[in-house]
Structure formats: C-alpha cells, structure tokens
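Quick note: the sequence shown uses the numbering used here, first residue 302, plus one each step.
Glycine is no exception: its CB is placed at the ideal position from the N, C-alpha and C atoms.
What follows is a short report on a single structure.
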Amino acid sequence: MKKFVSNNPEESRKFARDLAKEILTERRTENDALVLALYGDLGSGKTTFAQALAEALGVKEKIKSPTFIIFRKSKIPASSAGRENKKWREKGFENFYHFDVYRINSEKEILNLGWEEIISNPKNIVLAEWADKIENILPKSCVKINFKHLNGDKREVVLNVT
C-alpha cells in the first residue's frame with residue numbers, strides 16, 4: 302500500500318503521471334488488460350487522475366468523464382513526442398478505456414457493454430471510476446486506487462496493488 306497527499310491539482314497530475322510510469326512498467330500481465338479501479342467521492346480527484354494518465358500514455362483526445370455514455374475508448378498512439386509512450390506500445394498496450402460507472406444500476410449493464418472482452422485483452426489499459434459499483438466483476442489483479450478529499454485542493458490517494 303502506498304499513500305500520497307496532494308496539495309493542489311498539479312501535484313495530483315504529477316502523481317498520476319509518475320504512478321502511471323511505475324504501474325505500467327511493473328504491472329504488465331501477458332494474458333489480461335491492466336485494470337485500474339478508482340474509488341472516492343465526487344470531486345476527490347478521480348477524473349484528474351484519469352486525464353493525467355491518458356496524457357502520460359500519449360492519448361490525443363481531451364479526456365472528459367464519460368458519465369452519460371459509460372465509457373470511452375482511446376488509441377494509445379504508436380508514436381508520439383514522448384519516449385514514455387513508446388514504452389507503453391513496446392509492452393503491447395494499444396487502447397485506453399475510461400469507464401465511469403456512476404450511473405449504472407447493476408453490474409449486468411457493464412457486462413452488456415463487452416466488459417469481459419475488454420478486460421481480457423492484454424492490449425488494453427482500463428480505468429474504471431466509481432469501481433465500488435462493479436466490485437464483483439473486477440479482475441483480482443486490478444490496481445485499486447482510493448481518493449479522499451481532505452480540504453480545499455488537498456487530496457489523499459491510497460494505492461493498493463494486489
């Protein structure tokens with residue numbers, strides 16, 4: 302377990318970029334997607350983390366929380382200005398899925414969107430906001446990240462790698 306306290310959004314973004322490098326380098330599985338499960342209240346920093354992670358991956362699209370459409374798929378470009386992006390592609394990652402399951406009423410809704418196929422593809426990085434709503438269908442190997450709003454811009458982030 303790792304704990305981090307951020308005093309402002311820029312520190313949170315830097316933490317996300319650094320964590321992305323660490324997780325994506327160390328947590329590579331050959332058989333399944335890399336799944337990041339995000340937990341925390343509204344405004345605790347989950348979407349800021351998702352945006353910084355996508356940026357670290359070289360994703361070109363502006364990342365917005367997909368609350369009303371449930372998920373968005375973005376390509377991890379084969380080449381970009383950053384060296385780090387090349388590392389992700391060398392590890393076989395091609396797609397970034399950003400799920401926001403805040404509005405779902407049952408896990409079946411996510412399963413009907415192809416969840417099992419998405420998380421079983423080793424070319425995918427999958428980030429799920431509000432992961433507590435789909436706890437029973439998360440893979441055992443997922444990385445769990447808990448966000449807590451302390452006060453003002455201050456946030457606590459706790460990382461649990463299983």
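Local Cβ density within 10 Å of residue i, reported as buried at 16 or more and exposed below that
i	result
I446	buried
D342	exposed
K424	exposed
G346	buried
G359	buried
I370	exposed
A357	buried
A317	buried
V458	buried
S407	exposed
Cβ pair residue i, residue j closer than 8 Å
i	j	result
I377	L412	no
S313	F350	yes
L428	L354	yes
I405	V336	no
DSSP three-state assignment for residue i, whether helix, strand or coil
i	result
R384	The predicted position of R384 is uncertain, since its pLDDT is 49 and thus under 50; no value can be drawn from it.
S375	strand
N437	helix
L320	helix
F394	coil
S313	helix
K409	helix
K361	coil
Within-8 Å CB hit, residue i to chain D
i	result
V444	Of the protein chains in this structure there is only one, and it is not chain D.
Rounded Cβ spacing between residue i and residue j (contact assumed at less than 8 Å)
i	j	result
E430	V402	7 Å
I364	H399	6 Å
N309	D454	5 Å
A338	I426	With a Cβ gap of about 12 Å, A338 and I426 do not count as contacting.
According to DSSP, residues forming a beta bridge with residue i
i	result
A429	A338, F400
L460	K303, I446
K455	N452
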